[in-house]
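Step one of this worksheet: look at the structure below.
Residue numbers (the numbering used here): 10 to 390.
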């Protein structure tokens with residue numbers, strides 16, 4: 010029997026995946042008998058194991074801990090609703106509740122039973138819908154922003170129903186070596202400075218905002234305001250949707266207010282914010298493939314002369330528009346609106362720029378028609 014249990018024990022009828030944000034989810038495969046607990050439970054063939062706790066440090070990542078709860082059948086119907094006696098099983102204890110409004114959950118309960126991890130990450134189907142494991146696996150960074158942070162809020166600081174999964178995704182993106190190699194789901198983030206496992210907030214990940222890796226992407230995705238996604242002249246270089254800054258960050262009140270207060274003039278070459286942006290450009294540039302890095306770093310140095318050099322640096326790229334360059338960087342039109350030919354209403358341009366009454370020439374009209382981002386090429390004006 011030990012051999013059988015070693016090979017076949019545990020929940021077998023499920024698949025799981027993580028999306029580009031690091032959020033893990035799972036679903037039962039079609040035909041699974043989820044209305045009952047199987048005798049082949051992990052690890053010894055006994056009944057479902059409920060001895061795991063969210064504050065237990067089991068030497069697993071958050072993703073691995075989630076899968077382990079599913080293997081123990083803790084995501085089956087038995088743990089979701091009520092038992093035969095009518096007692097709540099694995100719902101009420103998963104959340105903290107508002108005393109004045111008992112029906113409103115305030116956020117995840119740090120002392121919740123481990124079945125909460127299985128039930129909170131469960132999807133209805135393996136494939137065939139927007140909430141399926143197949144879609145979870147295919148979700149891009151830009152799609153993940155829309156799914157998990159459509160309002161461009163610092164969600165890592167928020168106490169709400171998704172806080173457990175968000176903290177877990179952030180925790181999985183950093184090394185846990187300084188904390189002994191692992192952290193429990195209730196405190197999944199290893200603070201390297203203190204060597205302690207903590208429930209992270211945006212202040213804890215702010216130092217990663219400019220990084221071109223998993224933790225940098227998740228810092229921007231879950232802490233966009235801390236990272237400067239909603240500030241048109243922040244020093245953040247990796248500010249495009251594919252880098253974790255959602256398009257809705259450009260629709261926030263703070264963004265629009267700042268854009269209204271930015272003059273339609275090129276900043277001087279020694280502007281503090283401009284040079285901080287170029288500093289981060291150079292730093293990030295060294296993380297790209299060699300050929301891309303060499304050109305990017307060279308440009309960041311040449312741009313120290315000021316916006317006036319832009320027309321001589323573009324070549325086949327247009328650094329004034331989103332997606333106009335070889336590198337995933339914030340457009341320079343925020344700092345160089347005059348050289349970039351900005352007009353009021355153009356994407357990534359100050360609202361104080363003159364209105365576009367007419368197109369300056371046929372080349373500009375052609376570029377606008379093919380969708381270059383709504384900004385005419387440098388020199389068109």
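For glycine and all other residues, C-beta sits at the position ideal for the given N, C-alpha and C.
I need the straight-line Cα distance from residue i to residue j, nearest angstrom please.
i           : j           : result
residue 192 : residue 161 : 28 Å
residue 306 : residue 290 : 7 Å
residue 122 : residue 195 : 11 Å
residue 5   : residue 340 : This structure cannot settle anything about residue 5, because the visible part of the chain is limited to 10 through 390.
residue 116 : residue 167 : 8 Å
residue 39  : residue 213 : 41 Å
residue 272 : residue 359 : 7 Å
residue 313 : residue 223 : 29 Å
residue 338 : residue 241 : 13 Å
residue 107 : residue 169 : 12 Å
residue 200 : residue 285 : 26 Å
residue 104 : residue 124 : 12 Å
residue 260 : residue 61  : 43 Å
residue 274 : residue 32  : 42 Å
residue 164 : residue 79  : 26 Å
residue 187 : residue 345 : 43 Å
residue 239 : residue 270 : 14 Å
residue 309 : residue 237 : 20 Å
residue 294 : residue 198 : 27 Å
residue 46  : residue 158 : 36 Å
residue 184 : residue 347 : 44 Å
residue 113 : residue 171 : 14 Å
residue 384 : residue 288 : Its pLDDT being 48, under 50, residue 384 is placed unreliably in this model, and the value from its coordinates should be taken loosely. When rounded, the distance between both Cα atoms is 25 Å.
residue 249 : residue 297 : 16 Å
residue 135 : residue 254 : 29 Å
residue 234 : residue 263 : 9 Å
residue 110 : residue 221 : 42 Å
residue 386 : residue 349 : Only weak support is given to the placement of residue 386: the predicted model assigns it a pLDDT of 47, under 50, and the value that follows is read from those uncertain coordinates. Cα to Cα, residue 386 sits roughly 7 Å from residue 349.
residue 355 : residue 332 : 14 Å
residue 301 : residue 318 : 20 Å
residue 7   : residue 292 : With the chain represented from 10 up to 390, any question about residue 7 goes unanswered, as that position is not in the structure.
residue 268 : residue 361 : 8 Å
residue 353 : residue 276 : 18 Å
residue 303 : residue 336 : 12 Å
residue 381 : residue 330 : Unreliable positioning characterises residue 381 in this predicted model, as indicated by a pLDDT of 45, which lies under 50. The coordinate reading is nonetheless provided below. Rounded to the nearest angstrom, the two C-alpha atoms are 7 Å apart.
residue 258 : residue 282 : 19 Å
residue 364 : residue 74  : 56 Å
residue 252 : residue 152 : 11 Å
residue 245 : residue 321 : 24 Å
residue 23  : residue 126 : 15 Å
residue 100 : residue 315 : 58 Å
residue 311 : residue 21  : 58 Å
residue 68  : residue 204 : 15 Å
residue 146 : residue 299 : 29 Å
residue 265 : residue 343 : 13 Å
residue 64  : residue 41  : 30 Å
From which residue to which residue does the beta strand (DSSP E) around residue i run?
i           : result
residue 345 : First-last for residue 345: undefined, no H or E at that position.
residue 25  : 23-27
residue 35  : 33-37
For the putative contact between residue i and residue j, defined by C-beta atoms under 8 Å, what is the C-beta separation to the nearest angstrom?
i           : j           : result
residue 26  : residue 133 : Not a contact, Cβ separation roughly 14 Å.
residue 43  : residue 86  : 5 Å
residue 28  : residue 148 : 4 Å
residue 83  : residue 129 : With a Cβ gap of about 11 Å, residue 83 and residue 129 do not count as contacting.
residue 217 : residue 210 : Actually they are not in contact, since the Cβ atoms of residue 217 and residue 210 sit about 13 Å apart, beyond 8 Å.
residue 154 : residue 230 : 6 Å
residue 227 : residue 178 : 6 Å
residue 19  : residue 81  : 7 Å
At the 9 Å Cβ level, is residue i part of the contact set with chain D, yes or no?
i           : result
residue 171 : Given the protein chain composition of this structure (a single chain), no chain D is represented.
Can you tell me which residues form a DSSP beta bridge with residue i?
i           : result
residue 62  : 122
residue 141 : 134
Locate the alpha helix (DSSP H) running through residue i, then write down its first and last residues.
i           : result
residue 265 : 262-270
residue 422 : No answer is possible for residue 422: the residues shown for the chain start at 10 and end at 390.
residue 77  : 71-80
residue 225 : 223-231
residue 152 : 150-157
residue 322 : 319-322
residue 244 : No alpha helix (DSSP H) holds residue 244; DSSP gives it neither H nor E.
residue 301 : 299-311
* Asked: In chain order, which continuous runs of the beta strand (DSSP E) of length 3 or greater are located wholly inside the stretch 177-218?
  -> 198-200 and 205-207
* **Entirely enclosed alpha helix (DSSP H) segments - the stretch 91-138, minimum 4 residues** => 124-129
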